[in-house]
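Taking the UniProt record's numbering as reference, the numbering of the sequence shown is continuous, increasing by one, and the terminal residue is 259. Glycine included, C-beta positions come from ideal geometry on N, C-alpha and C. Small disclaimer: the values here were computed from a predicted structure and weren't measured. First the structure, in the form of structure tokens, and then the observations on it.
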Amino acid sequence: MTIASLLEPVTGQSGTAHLTHANEWMQGRTLYGGASALVAFTIAQRAFPDLPPLRAAQIGFVAPVGKDIELSAEILRQGRNVTQVRTEIHSEGKLALTAFWLFAAEREPNAMRSADAPVAWPGAPADNPAAMKGQGPAFIQNNFELRYGQTKGDDHGATVRRWARLIEEHELDPVSKLVLMGDVMPPGAMRIMPRVGPISSINWSFNVLDPNTQSEGGWYLAENASQHADAGYSSERLRMWDANGKQVLDGIQCVAIFG
């Protein structure tokens, strides 16, 4: 099912919506985090179509997002260069997702520094074997093609890195694609869990480094790395690079570790 079909009920108007084609994007009883974030981002885009490019976001995954939702979007502040927007998703009468979006026009730079190149570049997607064939949540099997982004079988500590791209042909703008794909990897802490148990994303904050990204073949290298795990939670760093090794997204996330 295409991502366009999922987003079709999302208009620029606040109010109720029924996500008719949500089944392909469900993760248990909730919409996959990247898809629910994209729904929240899309209402901001459609409500305020003249916004400058997205530069940063802060997202709170409060409760499960179901098929029947209520959406809202409001501009909190609009300056000469920066516009700040808040969107919310309510499900079953309760707040399910809250998001803060920072849109900002490009300005003449007064500081320049390229992001560091990824350590241990894995080579092109075609040079790496397929990953998670027939494994993982249904939303991954239905919508994503994954390839290894680190040597299979080696000890990579608390880091998960994979090449990923959408299976379907789509017309997503570059930033929408990053929002949808940026949360696709499981937390790096899963590599160091002594017991199998469920995990749940609590929040996700990220900066968009290239709002015009166009990666060859639609492939992006996604990495989740646990920076600290204890007391049932993991602090994760989430990054994405294009097929040429240019970093396009930089984020952090708190994940609940159960079991």
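Just verifying my parser: in three-state terms, what is the DSSP assignment at F103?
In the structure shown, F103 adopts extended strand secondary structure according to DSSP, grouped into three states.
Could you tell me the alpha carbon to alpha carbon distance between H228 and V255, rounded to whole angstroms?
Here the alpha carbons of V255 and H228 stand approximately 11 Å from one another.
At what residues does the alpha helix (DSSP H) containing R195 begin and finish?
That residue, R195, is in no alpha helix (DSSP H); it is neither H nor E in DSSP.
Since H170 contacts T2 with CB under 8 Å, what's their CB separation in whole angstroms?
Confirmed, Cβ separation roughly 6 Å.
Assigned exposure category for A131 - 16 Cβ within 10 Å defines buried
Only buried fits A131, as 16 or more other CB atoms lie within 10 angstroms of its CB.
Am I right that R191 and G232 are in contact with their C-beta atoms under 8 Å? What's the rounded C-beta distance?
Rounded, the Cβ-Cβ distance is 17 Å, inconsistent with contact.
Between the stretch 204 to 213 and the stretch 51 to 58, are three or more C-beta pairs nearer than 8 Å?
The stretch 204 to 213 vs the stretch 51 to 58: in contact.
Which of helix, strand or coil DSSP assigns to G33:
The answer is helix: DSSP assigns G33 an H, G or I state.
Residue ranges of each alpha helix (DSSP H) within the UniProt domain "Acyl-CoA thioesterase-like C-terminal" (128 to 255), 4 or longer:
Fully enclosed alpha helix (DSSP H) runs of 4 or longer: 138 to 143 and 174 to 181.
Taking 7 Å as the cut-off, decide whether the C-beta atoms of E106 and H90 are in contact.
Cβ atoms of E106 and H90: not closer than 7 Å.
Selection from Q27, F41 and G66 that minimises the alpha carbon distance to L19:
Of the listed residues, the one whose Cα sits closest to L19 is G66.
Residue from R165, I75, M181 and R80 with nearest C-alpha to Q45:
With distances taken between CA atoms, Q45 lies nearest to I75 out of R165, I75, M181 and R80.
My guess is that R239 and E223 are in contact by the Cβ rule of under 8 Å, so how many angstroms apart are they, rounded?
Their Cβ separation, rounded to whole angstroms, is 5 Å, which keeps R239 and E223 in contact under 8 Å.
Is G245 near A117, with beta carbons less than 7 Å apart?
In this structure, G245 lies near A117, with their beta-carbon atoms less than 7 Å apart.
Tell me whether the beta-carbon of T87 lies closer than 7 Å to the beta-carbon of A40.
Yes, they are a contact pair.
Own chain, CB closer than 8 Å to G34, minus 5 neighbours either side, in chain order:
Here the set comprises V179, L180, M181, G182, D183 and V184.
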